[in-house]
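Engineer: Here it is, the structure in full.
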Amino acid sequence: MELCRATTTLSWTNSISSTHSLHLPRSFSMSQAKRVRVYCASDQTQKGNQMTVSVTGATGFIGRRLVQRLQADNHYIRVLTRSKSKAELIFPVKDFPGIVIAEEPEWKSCIQGSTAVVNLAGTPISTRWSSEIKKDIKQSRIRVTSKVVDLINNSPEGVRPTVLVSATAVGYYGTSETQVFDERSPSGNDYLAEICREWEATALKVNKDVRLALIRIGVVLGKDGGALAKMIPLFMVFVGGPVGSGRQWFSWIHLDDIVNLIYEALSNPSYKGVINGTAPHPVRFAEMCEQLGNVLGRPSWLPVPDFALKAVLGEGASVVLDGQKVVPARAQELGFRYKYPHVKDALKAILS
Ligand SMILES: NC(=O)c1ccc[n+]([C@@H]2O[C@H](COP(=O)([O-])OP(=O)(O)OC[C@H]3O[C@@H](n4cnc5c(N)ncnc54)[C@H](OP(=O)(O)O)[C@@H]3O)[C@@H](O)[C@H]2O)c1
Numbered sequence: 001m002e003l004c005r006a007t008t009t010l011s012w013t014n015s016i017s018s019t020h021s022l023h024l025p026r027s028f029s030m031s032q033a034k035r036v037r038v039y040c041a042s043d044q045t046q047k048g049n050q051m052t053v054s055v056t057g058a059t060g061f062i063g064r065r066l067v068q069r070l071q072a073d074n075h076y077i078r079v080l081t082r083s084k085s086k087a088e089l090i091f092p093v094k095d096f097p098g099i100v101i102a103e104e105p106e107w108k109s110c111i112q113g114s115t116a117v118v119n120l121a122g123t124p125i126s127t128r129w130s131s132e133i134k135k136d137i138k139q140s141r142i143r144v145t146s147k148v149v150d151l152i153n154n155s156p157e158g159v160r161p162t163v164l165v166s167a168t169a170v171g172y173y174g175t176s177e178t179q180v181f182d183e184r185s186p187s188g189n190d191y192l193a194e195i196c197r198e199w200e201a202t203a204l205k206v207n208k209d210v211r212l213a214l215i216r217i218g219v220v221l222g223k224d225g226g227a228l229a230k231m232i233p234l235f236m237v238f239v240g241g242p243v244g245s246g247r248q249w250f251s252w253i254h255l256d257d258i259v260n261l262i263y264e265a266l267s268n269p270s271y272k273g274v275i276n277g278t279a280p281h282p283v284r285f286a287e288m289c290e291q292l293g294n295v296l297g298r299p300s301w302l303p304v305p306d307f308a309l310k311a312v313l314g315e316g317a318s319v320v321l322d323g324q325k326v327v328p329a330r331a332q333e334l335g336f337r338y339k340y341p342h343v344k345d346a347l348k349a350i351l352s
């Protein structure tokens, strides 16, 4: 990897000429000098299958792992963030030597020359929903998606990204204890469904020449974040057990699998349109809790009261209290290979 980085720097140095237009973010410090070199190189000397990927929400639960995955495969990464200083702590230069970190005024120059954009940004949903937060949950997603789409559409041909992978959620389908939802199912009637529809409609405004993959993500299970990090302490306090009736559906996906799905969508031209980002075996919540209890070595016979979950997740608890059974029909048609198709193995891998 070091050798590769050195080669990249060398080819950048050699390839600079007066005819190149360099899209540099305005304020680069000396400590970012190495980042600048790779940033330029990616436009000029991209080789083979190497991509330059701009990512919004890169500092989040899914984004961090995606960045690690892209970095491991030597792709060029541009982190589009609201806070450069926060992102620099998450992606320190010593571990991410080639990464570019940019705040909003610099997003334009990052998106221009990127091969692809991944859009993950948005105010967290699993919080207490005051009317202000509720508005922000929707507006943050629409605003960032709209900005990204405008920047892509207004990029001159030749430096315009050719792929947009944009997050949305299984909340699109509304909730049900009996129905099974795939990508062709209609949208639901609740607020999360409304958010997802508007979020997707905004992404759909991207130029028709840009391949768009809309990933309707389920509840992502991983270490140190997401729903599981909030559920485990509760589970320990209440000895564990299903929340509510336990019959509600839980459409989950392991963090590695959602990252692999996004990664595949970046590079495989067959991945376009709506793709459910869920595991092939959703479970009822009672089963999820039983498996969690087994892995944690706790019995799973006392139900966690709704009020306890609402206390930590607020109205966002509806994601867990009223679920939906979502199947990944499209990912399976595309032959996507899951590392963790079953929740038991996913939980074991996360918690062992
Ligand atoms: N995790 C799940 O289980 C799950 C399930 C379904 C859908 N999704 C969707 O997938 C996306 C990524 O999920 P995640 O769990 O990785 O999210 P996350 O950890 O909450 O991170 C999202 C990122 O969005 C940015 N952000 C936060 N508030 C914002 C605001 N008000 N305006 C603009 N940007 C803001 C932040 O990046 P900066 O501070 O760097 O700007 C943050 O790191 C989200 O849109 C989420 O709704 C996730």
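So the sequence shown is numbered by full-length UniProt numbering: it starts at 1 and just counts up by one. We put the beta carbon where it would ideally sit given N, CA and C, even for glycine. Values in this document were obtained by computation on a predicted structure and should not be read as measured data.
(1) DSSP on residue 355, reduced to helix/strand/coil?
(2) Please report the distance separating the alpha-carbon of Ser176 from that of Trp249.
(3) Might you give, ordered along the chain, the residues of its own chain that have their beta carbon closer than 7 Å to the beta carbon of Asp136, omitting 5 neighbours on each side?
(4) Evaluate Glu333 with the Cβ neighbour count: other Cβ atoms within 10 Å of its Cβ, from every protein chain shown; 16 or more gives buried, anything less gives exposed.
(5) By Cβ distance below 7 Å, which residues in the same chain neighbour Val295 in space, the five residues on each side in sequence not counted?
(6) For a test of the three-state rule: what should DSSP assign to Asn154, helix, strand or coil?
(7) Pairing CB atoms from the stretch 75–93 with CB atoms from the stretch 54–66, are three or more of them under 8 Å?
(8) Under 6 Å Cβ to Cβ from Phe108, same chain only, skipping five residues before and after it: list those, please.
(9) Any heavy atom of ligand 1 closer than 7 Å to the CB of Pro282?
(10) Does the beta-carbon distance from Gly218 to Trp252 come in below 8 Å?
(11) Mapping the DSSP letters down to three states, classify Arg78 as helix, strand or coil.
(12) Please report the straight-line C-alpha distance between Asp345 and Pro282, rounded to a whole angstrom.
(13) Could you check where the beta strand (DSSP E) with Thr56 kicks off and where it finishes?
(14) Measuring only the C-alpha atoms, how far is Asp306 from Ile125?
(15) Rounded to a whole number of angstroms, what is the C-alpha to C-alpha distance between Asn49 and Arg184?
(16) Any idea what DSSP makes of Lys325, helix, strand or coil?
(17) Is the beta carbon of Val326 closer than 8 Å to that of Phe285?
(18) With a threshold of 7 Å (Cβ to nearest heavy atom), would Lys86 be considered close to ligand 1?
(19) When you compare the CB positions of Leu120 and Ala167, do they come within less than 8 Å of one another, or not?
Structural biologist: Put simply:
(1) Since the first and last residues shown for the chain are 1 and 352, residue 355 lies out of range.
(2) 8 Å
(3) Thr123
(4) exposed
(5) Leu347, Lys348, Leu351
(6) coil
(7) yes
(8) First, the residue type needs correcting, since residue 108 is Lys and not Phe in the sequence shown. Leu151.
(9) no
(10) yes
(11) strand
(12) 13 Å
(13) 52–56
(14) 17 Å
(15) 32 Å
(16) strand
(17) no
(18) yes
(19) yes
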